[in-house]
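S.K.: In terms of our numbering, the sequence shown has 657 at position 215, counting the first letter as 1, and numbering is strictly consecutive.
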Amino acid sequence: MSGAKKIENGRRIVVKIGSALLADQEHGTVHRAWLEALAEDVNVCCTRGQEVILVSSGAIAIGRRRLKLPPGPLRLDENQAAAAAGMVRLAHAYEEVLGAYDITVGQVLLTLDDTENRRRYINARNTLEALLKLGAVPLINENDTVATDEIRFGDNDRLAARVAAMVSADTLVLLSDIDGLYTADPRTDPAAAIIPEVTEITPEIEAMAGAAPVGDSKGGMVTKLAAAKVCLSNGCSMVIMDGNAPHPLQRLQDGAPATWFLPSATPKTARKRWIAGTLSPAGAVVLDAGAVQALAQGKSLLPAGVVAIEGNFQRGDAVVVKTVDGRDLGRGLIAYGAEDARCIMGHKTSEIEDLLGYRGRDVIIHRDDLVLD
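1. Suppose you measure from the CA of L464 to the CA of A475; what does that come to, to the nearest Å?
2. Does V530 come out as helix, strand or coil in the three-state DSSP assignment?
3. Can you give me the C-alpha to C-alpha distance between D483 and T553, rounded to a whole angstrom?
4. Can you look up L798 in the DSSP assignment and give me helix, strand or coil?
5. So, helix, strand or coil for A700, using DSSP?
6. Is the beta carbon of A777 less than 8 Å from the beta carbon of G725?
7. Alpha carbon to alpha carbon, how far is A526 from G697?
8. Exposed or buried, which one is R580 when buried takes at least 16 other CB atoms within 10 Å?
9. Can you tell which of M529, N451, N485, T701 has the C-alpha that lies nearest to the C-alpha of E639?
10. By alpha-carbon positions, which one of A481, G740, V494 ends up nearest to N451?
11. Is the Cβ-Cβ distance between D684 and D612 less than 8 Å?
12. Cβ atoms of V761 and P723: under 8 Å apart, would you say?
13. For I495, which of helix, strand or coil comes out of DSSP?
14. Tell me, to the nearest whole angstrom, how far the beta carbon of V456 is from that of V605; I am working on the premise that it is less than 8 Å.
15. One question on the structure: do L623 and I643 come within less than 8 Å of each other, judged by their Cβ atoms?
16. State buried or exposed for S706, treating a residue as buried only when at least 16 other CB atoms are found within 10 Å of its CB.
17. What is the DSSP secondary structure of K666, reduced to helix, strand or coil?
18. What span of residues does the beta strand (DSSP E) with D684 cover, start to end?
19. Measuring only the C-alpha atoms, how far is G768 from D804?
20. Name the two residues that bound the continuous alpha helix (DSSP H) containing Q735.
21. Considering Cα atoms alone, identify which of L540, G505, G662, E537 is closest to A523.
22. Does E478 have its Cβ less than 8 Å from a Cβ in chain D?
23. Tell whether a beta-carbon distance below 8 Å holds between A462 and N583.
24. Roughly how many angstroms separate the alpha carbons of P628 and V472, rounded to a whole number?
25. Ordered along the chain, which non-local residues of its own chain (more than five positions away) have a Cβ less than 7 Å from that of C785?
26. Per DSSP, N583 forms a beta bridge with which residues?
27. Determine the contact status of D599 and K458, defining contact as a CB-CB distance below 8 Å.
28. Can G677 and T641 be called in contact, C-beta distance under 8 Å?
29. What is the DSSP secondary structure of A635, counted as helix, strand or coil?
30. Evaluate R454 with the Cβ neighbour count: other Cβ atoms within 10 Å of its Cβ, from every protein chain shown; 16 or more gives buried, anything less gives exposed.
31. Please name the residue or residues paired with A760 in a DSSP beta bridge.
32. Which residue wins for smallest C-alpha separation from A542, given the options L477, P512, R560?
33. Determine the contact status of G772 and L812, defining contact as a CB-CB distance below 8 Å.
34. Please state whether the Cβ-Cβ distance between R757 and I564 is less than 8 Å.
35. Measuring CB to CB, does D597 end up less than 8 Å from T665?
36. Name the DSSP beta bridge partners of E752, please?
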C-alpha cells in the first residue's frame, strides 16, 4: 500500500462520523461502546503525533427522540429544535469518551456558508488551528439550530471536505455504512465490485453513485463523490469505509476494504496553486530590502519589513507582494485589513497590540499563505 493510502502517515486527519453509526435508530441514544472504541483509535493517532478533527452527524437523530418527535419527515423548526437538544448530548458523549485519554474536545459549529464567506472562513480556520496547536480535538457539527438550507439539502460529507480543505488536512476519512464505492449498487446487484482507488472523478465514476439508504443518513454516494471532488482539488486524500464495526481507524490501518481517492498534489501545493492562480489581488504590500531577503529564505513577512500599503482590502484578501522599485515578487493572503496594515507597517511585532488595541497575528503574511514568483 502506498504512503498516501496509509492513515498512519497522515499529518492532519479529519474523520466524519455518520448518524447511522452514532445514534440508535429506535431509542435516540448514542452507541456508547462504538464511540469508546473510536476514542481509543483517536488516542492512538494523537499519541503518534497526528492531529485529528472530528466532524459528527447525529444531533438531529438523537435530539428528535429525546423530544419525542414523531417518526417521519419533520418541519424545519422541529429539525432545529431536535438539533439543539441533540448537540448537548452529543458533545457531552464525545467529551466523556475522549476525556478518558486526557484529550480535550473543543466544539465548533459551522455551516457551509462559514466555509465560503472569506472573513468567517478565516475566523473558523484560525480557531481550528489554535485548537490543534493547543493539543485539543475539534468536534465539528453543522449549525443546524440556525441553518435552513443546510438542514433541508446539506450533508456532513461535504462539510467535512470543506473543513479538510480549510485546515489543509492531508486525509479525510468518511465512516459510512458501506465499505467504499462500487461499480454498481451492491444492495441490488450481486455482481457489484468495490473500487479500491480513484484518482479522478470521471462521468463513469459519478454514474456509479446511488441514492442514500432509508433512515437517518442524509449522505449517499452522490454526496461522498462531491466531497471527493473538494478533497482532490485541495490535495487531500479521502477514504470511504464501513464504520459499523468497532475501531474503524485501526481496521483501516490493518487494511480493511475501502475506496481511496488520491490527489495529484499535496495540500500545501494545492493551496499555493489556489493563491497563485485563482484569487484576484485586492491591493499590494511594498517591502524593504531586508524583507525581500527574508522571504527568499522562506520566512514569513513581518510588519517591520513593510514600507507601503496600496489599495483597500480586507483581512484574508489576496495581495501582490512587491519591491520598492515596483518589481512583483508574488502574492499572498494578508492577515490584516488595509487600515490596520498601514497602522503597523514598519513596526516590530511586539508593538502590534499597542498600535491596534488588540493582539493580532505576528505576521503580515504567513509563509504558508505566500507564493513567490
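By construction, the Cβ of each residue, glycine as well, lies at the ideal position given by its N, Cα and C atoms.
Computed from a predicted model, the values in this text were never measured in an experiment.
M.R.: This is what the structure holds:
1. 10 Å
2. helix
3. 27 Å
4. helix
5. strand
6. no
7. 38 Å
8. Going by the sequence as given, residue 580 is Pro instead of Arg. It counts as buried.
9. Answer by Cα proximity: T701.
10. V494
11. no
12. Against a cut-off of 8 Å, the Cβ pair of V761 and P723 comes out as a contact.
13. strand
14. 6 Å
15. no
16. exposed
17. helix
18. 679-684
19. Distance from the CA atom of G768 to the CA atom of D804, rounded to whole angstroms, is 25 Å.
20. 731-738
21. G505
22. Here there is only one protein chain, and chain D is not present.
23. no
24. Note on geometry: alpha-carbon atoms of P628 and V472 lie some 28 Å from one another.
25. L797, L798
26. L551
27. yes
28. Cβ distance not < 8 Å, so G677 and T641 don't count as in contact.
29. coil
30. R454 should be labelled buried.
31. L775
32. L477
33. It is a contact, given that the beta carbons lie within the stated cut-off.
34. Yes, Cβ-Cβ distance for R757 and I564 is below 8 Å.
35. yes
36. A726
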